[in-house]
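Student: So that we are looking at the same thing, I have put the structure below in structure tokens.
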Amino acid sequence: MTARIGVVTFPGSLDDRDSRRAIRLAGAEPVALWHKDKDLKQVDAVVLPGGFSYGDYLRAGAISRFSPVMGTVIEQAKSGMPVLGICNGFQILTEAHLLPGGMLGNDHLHFICRDQKLKVENAETAWTADYESGQEIHIPLKNMDGRYVADERTLDMLEAEGRVVFRYVVGGDTSHGHGHVNPDGYGNPNGSLRDIAGITNEAGNVVGLMPHPEHAVEPLVGSGRTDGLPFFTSILKKLVNA
Amino acid sequence: MARVVVDVMLKPEILDPQGQAVQRALPRLGFEGISDVRQGKRFELEVDGPVDDTALARIHELAESFLANTVIEDFTVKVEEVAEAGK
Numbered sequence: 035m036t037a038r039i040g041v042v043t044f045p046g047s048l049d050d051r052d053s054r055r056a057i058r059l060a061g062a063e064p065v066a067l068w069h070k071d072k073d074l075k076q077v078d079a080v081v082l083p084g085g086f087s088y089g090d091y092l093r094a095g096a097i098s099r100f101s102p103v104m105g106t107v108i109e110q111a112k113s114g115m116p117v118l119g120i121c122n123g124f125q126i127l128t129e130a131h132l133l134p135g136g137m138l139g140n141d142h143l144h145f146i147c148r149d150q151k152l153k154v155e156n157a158e159t160a161w162t163a164d165y166e167s168g169q170e171i172h173i174p175l176k177n178m179d180g181r182y183v184a185d186e187r188t189l190d191m192l193e194a195e196g197r198v199v200f201r202y203v204v205g206g207d208t209s210h211g212h213g214h215v216n217p218d219g220y221g222n223p224n225g226s227l228r229d230i231a232g233i234t235n236e237a238g239n240v241v242g243l244m245p246h247p248e249h250a251v252e253p254l255v256g257s258g259r260t261d262g263l264p265f266f267t268s269i270l271k272k273l274v275n276a
Numbered sequence: 006m007a008r009v010v011v012d013v014m015l016k017p018e019i020l021d022p023q024g025q026a027v028q029r030a031l032p033r034l035g036f037e038g039i040s041d042v043r044q045g046k047r048f049e050l051e052v053d054g055p056v057d058d059t060a061l062a063r064i065h066e067l068a069e070s071f072l073a074n075t076v077i078e079d080f081t082v083k084v085e086e087v088a089e090a091g092k
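Residue numbers (this note's numbering), protein chains in the order written: chain A, 35 to 276; chain B, 6 to 92.
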């Protein structure tokens with residue numbers, strides 16, 4: 035028996051197919067979910083993929099958050115169902131208040147697309163158990179609204195409770211300037227406060243991050259790295275052993 | 006018919022790079038003496054029927070839950086008199 039992991043397609047989703055592919059490569063069964071369906075088809079976990087759902091009108095994720103499928107996702111996430119939000123999915127999770135803080139435009143006002151170095155800060159969530167705490171990984175990042183913001187109290191709380199899951203690795207050659215292409219993948223690419231790239235909720239079942247693990251799962255594609263695959267093997271192990 | 010205006014602004018402590026880009030362009034255009042610009046959103050809602058306390062309360066709720074994300078933004082709601090054409 036394997037786990038069934040749903041991937042929601044919103045109008046404007048881009049990475050739903052790659053997410054389903056990553057789930058399949060990890061050995062789980064991907065299930066396509068539709069934004070207008072309240073029914074989650076009895077999946078064990080849900081991925082909210084990247085893209086520009088509903089055109090990012092109003093704010094990124096603001097309209098998707100009220101779609102029929104999200105009603106069910108929010109309800110089930112609160113009772114423990116694992117949910118992973120990647121890029122636009124992360125934005126939807128903050129708009130839905132399943133994760134604290136908010137997402138705003140990159141501080142340099144440019145779209146950014148590059149391979150990004152991340153440090154795994156919390157390897158205990160449902161989606162990161164196959165990483166090691168402190169491990170550095172290298173996965174693609176591509177977004178316009180990637181700047182994570184929250185008030186100081188929330189940031190302190192996230193740090194104190196170990197809920198910062200990924201941080202951008204700052205360092206290396208920064209001579210190209212803040213946020214600009216650094217061939218080594220170092221640097222804070224968008225002005226996110228405290229270099230935060232991803233966070234989790236209190237229970238550790240909901241995780242959101244801006245970079246894209248689903249684009250780094252096969253040696254023949256993209257950067258050739260498979261640093262994103264452990265997201266999907268982590269959740270599979272958790273669900274199968276549950 | 007009445008118009009209700011909802012103004013949404015980023016909270017003052019949050020960096021607004023769009024506003025800064027506008028501010029930096031001003032001297033180039035010959036506008037001096039403007040030290041800061043912050044950019045927000047304005048929503049004009051045309052309301053059917055009277056804008057009474059109940060209607061305003063509903064619009065307030067709409068602004069709080071949807072038009073603004075109160076984690077990062079503040080908003081104000083005000084009723085605007087609509088000058089009717091031809092009168």
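Just so it is clear, CB atoms sit at the ideal spot from N, CA and C, and this is done for glycine as well. Quick caveat, the model's predicted, so the values are computed rather than measured.
Roughly how many angstroms separate the alpha carbons of leucine 143 (chain A) and arginine 197 (chain A), rounded to a whole number?
Tutor: Looking up residue 143 (chain A) in the first sequence gives position 109. Looking up residue 197 (chain A) in the first sequence gives position 163. The straight-line gap from Cα to Cα measures roughly 27 Å.
Student: Cβ of proline 17 (chain B) less than 8 Å from any chain A Cβ?
Tutor: The residue labelled residue 17 (chain B) in the question sits at position 12 within the second sequence. For proline 17 (chain B), the answer is no, since every Cβ of chain A falls outside 8 Å of its Cβ.
Student: What does the Cβ neighbour count give for phenylalanine 266 (chain A), buried or exposed, with the cut at 16 atoms within 10 Å?
Tutor: Residue numbering aside, residue 266 (chain A) sits at position 232 when the first sequence is read from its first letter. Phenylalanine 266 (chain A) should be labelled buried.
Student: Note down, in chain order, all residues in the segment 135-147 of chain A with a beta-carbon under 9 Å from any beta-carbon belonging to chain B.
Tutor: Answer set for the segment 135-147 of chain A: Gly135, Gly136, Met137, Leu138, Gly139, Asn140, Asp141, His142 and Leu143.
Student: Using a Cβ-Cβ cut-off of less than 8 Å, give me the residues of the segment 218-232 of chain A that come near chain B, in sequence order.
Tutor: Answer set for the segment 218-232 of chain A: Gly225.
Student: In its own chain, which residues sit with a C-beta less than 8 Å from the C-beta of glycine 328 (chain A), not counting the 5 before and 5 after it?
Tutor: The question about residue 328 (chain A) has no answer here: the residues shown for chain A are numbered 35 through 276.
Student: Quick one: grab the DSSP three-state call for arginine 259 (chain A).
Tutor: Position 225 of the first sequence holds residue 259 (chain A). Arginine 259 (chain A): coil per DSSP, three-state reduction.
Student: Do three or more CB pairs link the segment 14-29 of chain B to the segment 53-62 of chain B at distances below 8 Å?
Tutor: Counting Cβ pairs under 8 Å, fewer than three are found: no touch.
Student: Could you please tell me which residues of the segment 20-42 of chain B, in chain order, have their CB closer than 8 Å to any CB of chain D?
Tutor: Checking the listed chains, one finds no chain D in this structure; the protein chains it contains are A and B.
Student: Between which two residues does the beta strand (DSSP E) containing phenylalanine 200 (chain A) stretch?
Tutor: Residue numbering aside, residue 200 (chain A) sits at position 166 when the first sequence is read from its first letter. Phenylalanine 200 (chain A) -> beta strand (DSSP E) spans 198-202.
Student: Which whole-angstrom value is the C-beta distance of isoleucine 173 (chain A) and proline 247 (chain A), which I expect to be below 8 Å?
Tutor: Here the question's residue 173 (chain A) lines up with position 139 in the first sequence. Here the question's residue 247 (chain A) lines up with position 213 in the first sequence. Indeed they touch by this definition, with Cβ atoms about 5 Å apart.
Student: Within the continuous alpha helix (DSSP H) that includes glutamate 109 (chain A), where are the two ends?
Tutor: The residue you call residue 109 (chain A) lines up with position 75 of the first sequence. Element bounds for glutamate 109 (chain A): 102-112.
Student: Taking the CB atoms as reference points, tell me whether lysine 176 (chain A) and glycine 219 (chain A) lie closer together than 8 Å.
Tutor: Position 142 of the first sequence, counted from the first residue, corresponds to residue 176 (chain A). Position 185 of the first sequence, counted from the first residue, corresponds to residue 219 (chain A). Going by C-beta atoms, lysine 176 (chain A) is not nearer than 8 Å to glycine 219 (chain A).
Student: Considering just the uninterrupted stretch of the alpha helix (DSSP H) at glutamine 150 (chain A), what are its terminal residues?
Tutor: Reading the first sequence from its first residue, position 116 is the one you call residue 150 (chain A). Run containing glutamine 150 (chain A): none in the alpha helix (DSSP H); it sits in the beta strand (DSSP E), 146-154.
Student: CA-CA distance, glutamate 63 (chain A) and aspartate 229 (chain A)?
Tutor: Stepping through the first sequence from its first residue, residue 63 (chain A) is reached at position 29. Stepping through the first sequence from its first residue, residue 229 (chain A) is reached at position 195. Distance between the alpha carbons of glutamate 63 (chain A) and aspartate 229 (chain A) is about 34 Å.
Student: Can the beta-carbon of phenylalanine 200 (chain A) be found closer than 8 Å to that of glutamate 236 (chain A)?
Tutor: Within the first sequence, numbered from 1, the residue matching residue 200 (chain A) stands at position 166. Within the first sequence, numbered from 1, the residue matching residue 236 (chain A) stands at position 202. No; because the gap between Cβ atoms is not below 8 Å, this pair is not in contact.
Student: At a CB-CB cut-off below 7 Å, which residues of chain B make contact with valine 183 (chain A)?
Tutor: Counting from 1 along the first sequence, the entry for residue 183 (chain A) is found at position 149. Here the neighbours are Ile19 and Ile77.
Student: Helix, strand or coil for arginine 8 (chain B) per DSSP?
Tutor: Your numbering for residue 8 (chain B) matches position 3 in the second sequence. Note: arginine 8 (chain B) maps to strand in three-state DSSP.
Student: Is it true that the CB of valine 13 (chain B) sits closer than 8 Å to the CB of glycine 135 (chain A)?
Tutor: Taking the first sequence and counting its residues from 1, one reaches residue 135 (chain A) at position 101. Taking the second sequence and counting its residues from 1, one reaches residue 13 (chain B) at position 8. Not closer than 8 Å, so no.
Student: Assuming valine 81 (chain A) and valine 107 (chain A) make a contact with CB atoms under 8 Å, what is their CB distance in whole Å?
Tutor: For the purposes of this step, residue 81 (chain A) is taken as the residue at position 47 of the first sequence. For the purposes of this step, residue 107 (chain A) is taken as the residue at position 73 of the first sequence. 10 Å between Cβ atoms; not a contact.
Student: What are the residues that DSSP puts in a beta bridge with phenylalanine 150 (chain B)?
Tutor: Examination of residue 150 (chain B) is not possible in this model, given that chain B is present from 6 through 92 alone.
Student: By DSSP, does lysine 70 (chain A) sit in helix, in strand, or in coil?
Tutor: The residue given as residue 70 (chain A) occupies position 36 in the first sequence. In the structure shown, lysine 70 (chain A) sits in coil (DSSP, three-state: anything other than H, G, I, E or B).
Student: If you draw a straight line from the C-alpha of alanine 60 (chain A) to the C-alpha of leucine 243 (chain A), how long is it?
Tutor: Here residue 60 (chain A) refers to the residue found at position 26 when the first sequence is read from its first residue. Here residue 243 (chain A) refers to the residue found at position 209 when the first sequence is read from its first residue. Roughly 19 Å between the two C-alpha positions.
Student: Can you list, in chain order, the residues of its chain with a C-beta nearer than 6 Å to that of tryptophan 161 (chain A)? Leave out the 5 residues immediately preceding and following it.
Tutor: Taking the first residue of the first sequence as 1, we reach residue 161 (chain A) at position 127. Around tryptophan 161 (chain A): Leu118, Val241, Phe265, Ser268 and Ile269.
Student: DSSP on tyrosine 165 (chain A), reduced to helix/strand/coil?
Tutor: Locating residue 165 (chain A) in the first sequence gives position 131, counting from the first residue. Coil at tyrosine 165 (chain A), not helix or strand.
Student: Put isoleucine 39 (chain B) into one of helix, strand or coil per three-state DSSP.
Tutor: Indexing the second sequence from 1 puts residue 39 (chain B) at position 34. Three-state result, isoleucine 39 (chain B): coil.
Student: For a cutoff of 8 Å on Cβ pairs, would you count glycine 91 (chain B) as touching chain A?
Tutor: Locating residue 91 (chain B) in the second sequence gives position 86, where the first residue counts as 1. Any reading at glycine 91 (chain B) must be qualified, since the residue scores a pLDDT of 47, below 50, and its modelled position is unreliable; the value itself is stated next. Taking Cβ atoms only, chain A never reaches closer than 8 Å to glycine 91 (chain B), which makes this a no.
Student: Smallest Cα separation from glutamate 193 (chain A): which of A:Asp179, A:Ile233 and A:Leu263?
Tutor: Mapped onto the first sequence, residue 193 (chain A) falls at position 159. If we check each option's Cα against that of glutamate 193 (chain A), A:Ile233 comes out closest.
Student: Could you check whether alanine 184 (chain A) and leucine 138 (chain A) sit closer than 8 Å to each other, using their CB atoms as the reference points?
Tutor: Indexing the first sequence from 1 puts residue 138 (chain A) at position 104. Indexing the first sequence from 1 puts residue 184 (chain A) at position 150. In this structure, alanine 184 (chain A) does not lie closer than 8 Å to leucine 138 (chain A) by Cβ.
Student: With DSSP run on the structure shown, which of helix, strand or coil describes threonine 128 (chain A)?
Tutor: Taking the first residue of the first sequence as 1, we reach residue 128 (chain A) at position 94. DSSP places threonine 128 (chain A) in helix when its eight states are reduced to three.
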